[in-house]
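The structure under discussion appears below in the form of structure tokens.
Protein chains: 4
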Amino acid sequence: MRSDSVQNPLKNSMQNYARTIRFKDTDAAGVVFFANVLTICHEAYEHSLQAIGFDLKLFFSNAGSYAVPVVHAHINFLQPMFCGDRLLVNLNPQQLDPYSFEINYRITNENSKSSLLSIAQTKHICISGDRTKLQLPPEIRQWIDMANLNSDPI
Amino acid sequence: MRSDSVQNPLKNSMQNYARTIRFKDTDAAGVVFFANVLTICHEAYEHSLQAIGFDLKLFFSNAGSYAVPVVHAHINFLQPMFCGDRLLVNLNPQQLDPYSFEINYRITNENSKSSLLSIAQTKHICISGDRTKLQLPPEIRQWIDMANLNSDPI
Amino acid sequence: MRSDSVQNPLKNSMQNYARTIRFKDTDAAGVVFFANVLTICHEAYEHSLQAIGFDLKLFFSNAGSYAVPVVHAHINFLQPMFCGDRLLVNLNPQQLDPYSFEINYRITNENSKSSLLSIAQTKHICISGDRTKLQLPPEIRQWIDMANLNSDPI
Amino acid sequence: MRSDSVQNPLKNSMQNYARTIRFKDTDAAGVVFFANVLTICHEAYEHSLQAIGFDLKLFFSNAGSYAVPVVHAHINFLQPMFCGDRLLVNLNPQQLDPYSFEINYRITNENSKSSLLSIAQTKHICISGDRTKLQLPPEIRQWIDMANLNSDPI
Numbered sequence: 001m002r003s004d005s006v007q008n009p010l011k012n013s014m015q016n017y018a019r020t021i022r023f024k025d026t027d028a029a030g031v032v033f034f035a036n037v038l039t040i041c042h043e044a045y046e047h048s049l050q051a052i053g054f055d056l057k058l059f060f061s062n063a064g065s066y067a068v069p070v071v072h073a074h075i076n077f078l079q080p081m082f083c084g085d086r087l088l089v090n091l092n093p094q095q096l097d098p099y100s101f102e103i104n105y106r107i108t109n110e111n112s113k114s115s116l117l118s119i120a121q122t123k124h125i126c127i128s129g130d131r132t133k134l135q136l137p138p139e140i141r142q143w144i145d146m147a148n149l150n151s152d153p154i
Numbered sequence: 001m002r003s004d005s006v007q008n009p010l011k012n013s014m015q016n017y018a019r020t021i022r023f024k025d026t027d028a029a030g031v032v033f034f035a036n037v038l039t040i041c042h043e044a045y046e047h048s049l050q051a052i053g054f055d056l057k058l059f060f061s062n063a064g065s066y067a068v069p070v071v072h073a074h075i076n077f078l079q080p081m082f083c084g085d086r087l088l089v090n091l092n093p094q095q096l097d098p099y100s101f102e103i104n105y106r107i108t109n110e111n112s113k114s115s116l117l118s119i120a121q122t123k124h125i126c127i128s129g130d131r132t133k134l135q136l137p138p139e140i141r142q143w144i145d146m147a148n149l150n151s152d153p154i
Numbered sequence: 001m002r003s004d005s006v007q008n009p010l011k012n013s014m015q016n017y018a019r020t021i022r023f024k025d026t027d028a029a030g031v032v033f034f035a036n037v038l039t040i041c042h043e044a045y046e047h048s049l050q051a052i053g054f055d056l057k058l059f060f061s062n063a064g065s066y067a068v069p070v071v072h073a074h075i076n077f078l079q080p081m082f083c084g085d086r087l088l089v090n091l092n093p094q095q096l097d098p099y100s101f102e103i104n105y106r107i108t109n110e111n112s113k114s115s116l117l118s119i120a121q122t123k124h125i126c127i128s129g130d131r132t133k134l135q136l137p138p139e140i141r142q143w144i145d146m147a148n149l150n151s152d153p154i
Numbered sequence: 001m002r003s004d005s006v007q008n009p010l011k012n013s014m015q016n017y018a019r020t021i022r023f024k025d026t027d028a029a030g031v032v033f034f035a036n037v038l039t040i041c042h043e044a045y046e047h048s049l050q051a052i053g054f055d056l057k058l059f060f061s062n063a064g065s066y067a068v069p070v071v072h073a074h075i076n077f078l079q080p081m082f083c084g085d086r087l088l089v090n091l092n093p094q095q096l097d098p099y100s101f102e103i104n105y106r107i108t109n110e111n112s113k114s115s116l117l118s119i120a121q122t123k124h125i126c127i128s129g130d131r132t133k134l135q136l137p138p139e140i141r142q143w144i145d146m147a148n149l150n151s152d153p154i
């Protein structure tokens with residue numbers, strides 16, 4: 001049986017993030033400043049973690065037992081984004097090896113989902129406070145698994 | 001008869017803006033960077049304008065027949081804000097004279113509305129493209145009126 | 001004897017900060033986004049502290065024995081600032097009481113110093129990690145004293 | 001004859017940009033927020049254009065006859081950057097075809113230039129106001145040529 005986003009609001013929150021473009025996001029060319037689109041992708045990642053109960057204050061601090069900083073990012077800009085536009089960011093995390101994962105992002109306009117505005121990727125490696133590589137902890141692996149559940153429906 | 005926010009979702013949108021604190025909003029002291037709180041106040045203003053149909057792309061460009069830039073701002077920080085916190089910004093615009101208006105903002109935590117985190121104010125003056133002072137246009141005066149409707153209920 | 005900025009480069013660094021407006025500072029109206037001007041003022045404060053040897057990484061972290069967060073800010077915008085403009089921020093710190101100080105900022109265009117672009121103020125209170133009010137430590141009082149030395153020349 | 005940066009301050013300005021990390025650049029993990037490193041790369045590009053006389057206010061507006069927006073960016077983060085750190089960004093633009101160019105960036109700590117902190121790339125395509133692809137104008141081709149002069153010295 002197919003469990004789509006209507007039936008599964010948690011899964012929807014983990015995979016989708018709606019965001020209105022704000023004046024601060026824009027630059028003097030009248031569109032969103034390019035690096036801010038990666039910031040919006042990161043917001044989608046935060047939103048997804050919070051949806052399954054991560055404490056973001058602790059997670060995004062230097063006080064935890066591990067961190068998963070971005071070690072690589074890339075992004076393509078296909079169409080400009082304007083103040084007031086309502087975007088939808090769809091994200092898809094994948095474990096790469098015991099220590100790292102990547103997240104793929106697809107950004108569309110909420111009113112025109114067939115038209116891609118931007119695609120991006122961030123890669124994250126798990127490290128300790130002294131920057132030693134660590135295996136991904138269970139809660140991160142669980143988040144990846146849950147975010148992918150039913151992505152290949154029958 | 002009292003028309004409260006449950007009965008009047010438009011008025012609620014014009015007066016209240018919910019916003020989750022994002023990692024980008026924070027700084028190395030672990031809390032929201034002070035100037036970003038004014039940015040969040042401005043988002044509440046954008047949200048309020050959009051609620052009654054302003055086209056933000058046009059309004060916040062240099063292509064319109066007028067602009068209402070911020071000419072003064074002040075802000076008090078009462079309690080720190082952390083990544084993942086869910087804020088509620090309540091805003092209240094008031095016309096000051098034919099040319100200008102101010103907006104007062106009260107920021108609380110959505111889970112603890114009695115406890116103020118910050119209060120702020122922005123003052124805006126209406127100008128033309130060549131920076132001549134202009135009278136506030138009807139749509140701005142209407143927005144101010146609507147945002148204040150029922151704020152003194154009987 | 002008058003000790004001016006040519007004779008005293010340290011004092012000049014403590015009181016003046018030159019800053020080129022970047023594309024990221026601007027918004028879709030083609031000028032600097034209002035809250036970013038307060039960010040530029042804070043940069044001048046950081047620059048001043050670094051000039052007399054503060055370790056900014058430690059000072060602006062949550063790992064020190066005290067912090068001096070901004071508790072109030074206000075700002076007036078007198079003229080717009082554009083991408084590529086070269087600004088000069090002049091700052092003047094003053095102790096207010098045993099626990100707090102304020103900094104006054106005057107922003108001019110480096111090519112037209114007589115013409116003010118913006119004036120601003122931040123007020124800071126010294127607190128411990130548990131947010132108890134503390135007396136300003138000697139290094140902060142020394143910074144305030146040094147930044148004001150010779151400001152009333154004979 | 002070799003023309004190094006001491007002999008050629010213009011070339012040095014076109015290829016190198018020094019930047020102190022500011023508090024606003026950092027996040028609650030205590031280091032520079034990842035997307036802000038791309039912003040710093042863009043600042044180096046602005047600095048380089050300004051060094052040979054580009055009017056940045058006009059260039060980075062929507063009022064010119066062409067624009068060269070970023071259509072792709074990628075970045076690797078090798079070591080963290082902290083508040084107060086003095087960075088050096090070295091940039092190298094290359095024309096790709098009649099319509100586009102890329103810029104490669106290498107970020108080091110000014111006190112330890114052998115140790116890379118980050119490498120990044122932005123790709124730019126020249127378009128008209130209606131988003132038609134245009135050939136790169138002479139001033140952009142000249143900037144690319146000048147920034148590369150002597151990069152292969154004998």
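If you read the protein sequences in the order shown, they are chains D, Z, R and F.
FYI, the numbering for the first sequence is 1 to 154, going by our numbering.
FYI, the numbering for the second sequence is 1 to 154, going by our numbering.
FYI, the numbering for the third sequence is 1 to 154, going by our numbering.
FYI, the numbering for the fourth sequence is 1 to 154, going by our numbering.
Glycine is no exception: its CB is placed at the ideal position from the N, C-alpha and C atoms.
For the alpha helix (DSSP H) that contains residue i, what are its first and last residues?
i, result
"Arg131 of chain D", "Premise fails: Arg131 of chain D is in no alpha helix (DSSP H) and is neither H nor E."
"Asn8 of chain D", "From DSSP, Asn8 of chain D is part of no alpha helix (DSSP H); its letter is neither H nor E."
"His148 of chain F", "Residue 148 of chain F is actually Asn in this sequence, not His. Taken as a continuous stretch (DSSP letters only), the alpha helix (DSSP H) holding Asn148 of chain F covers Pro138 to Asn148."
Buried or exposed for residue i, please, with buried defined as at least 16 other CB atoms from any protein chain shown within 10 angstroms of its CB.
i, result
"Asp145 of chain D", "exposed"
"Gly30 of chain R", "buried"
"Asp27 of chain Z", "buried"
"Ala18 of chain F", "exposed"
"Ser114 of chain F", "exposed"
"Pro9 of chain D", "exposed"
"Ser128 of chain Z", "exposed"
"Pro138 of chain Z", "exposed"
"Leu96 of chain D", "exposed"
"Lys133 of chain D", "exposed"
"Leu91 of chain D", "buried"
"Leu58 of chain F", "exposed"
"Ile154 of chain F", "Residue confidence is low: Ile154 of chain F scores 37 on pLDDT, short of 50, so the model does not pin down where it sits. Its coordinate-derived value is still stated next. So Ile154 of chain F counts as exposed."
Residue j and residue i - do their beta-carbons sit closer together than 7 Å?
i, j, result
"Asn111 of chain F", "His72 of chain D", "no"
"Ser116 of chain Z", "Leu149 of chain Z", "Residue 116 of chain Z is actually Leu in this sequence, not Ser. No, Cβ-Cβ distance for Leu116 of chain Z and Leu149 of chain Z is not below 7 Å."
"Ala35 of chain F", "Ala35 of chain D", "yes"
"Val68 of chain R", "Cys126 of chain R", "yes"
"Gln121 of chain D", "His47 of chain D", "no"
"Val70 of chain F", "His124 of chain F", "yes"
"Gln135 of chain R", "Pro98 of chain R", "yes"
For residue i, report the span of its beta strand (DSSP E) as first-last.
i, result
"Asn104 of chain Z", "Ser100 to Asn109"
message: For a minimum of 3 consecutive residues, which ranges assigned as the beta strand (DSSP E) are wholly contained in the segment 17 to 85 of chain Z?
response: Restricting attention to beta strand (DSSP E) runs no shorter than 3 residues, the segment 17 to 85 of chain Z encloses them at 70 to 77, ordered along the chain.
message: Quick check: the segment 35 to 42 of chain D against the segment 53 to 66 of chain D, are at least 3 beta-carbon pairs closer than 8 Å?
response: No: the two stretches stay apart, fewer than three of their Cβ pairs being nearer than 8 Å.
query: Does the segment 83 to 91 of chain F come close enough to the segment 15 to 34 of chain F to have 3 or more Cβ pairs within less than 8 Å?
result: With the cut-off at 8 Å, the segment 83 to 91 of chain F and the segment 15 to 34 of chain F touch.
message: Between the segment 50 to 62 of chain Z and the segment 99 to 106 of chain Z, can you find at least three pairs of beta-carbon atoms closer than 8 Å?
response: Contact between the segment 99 to 106 of chain Z and the segment 50 to 62 of chain Z is absent, because fewer than three Cβ pairs lie under 8 Å.
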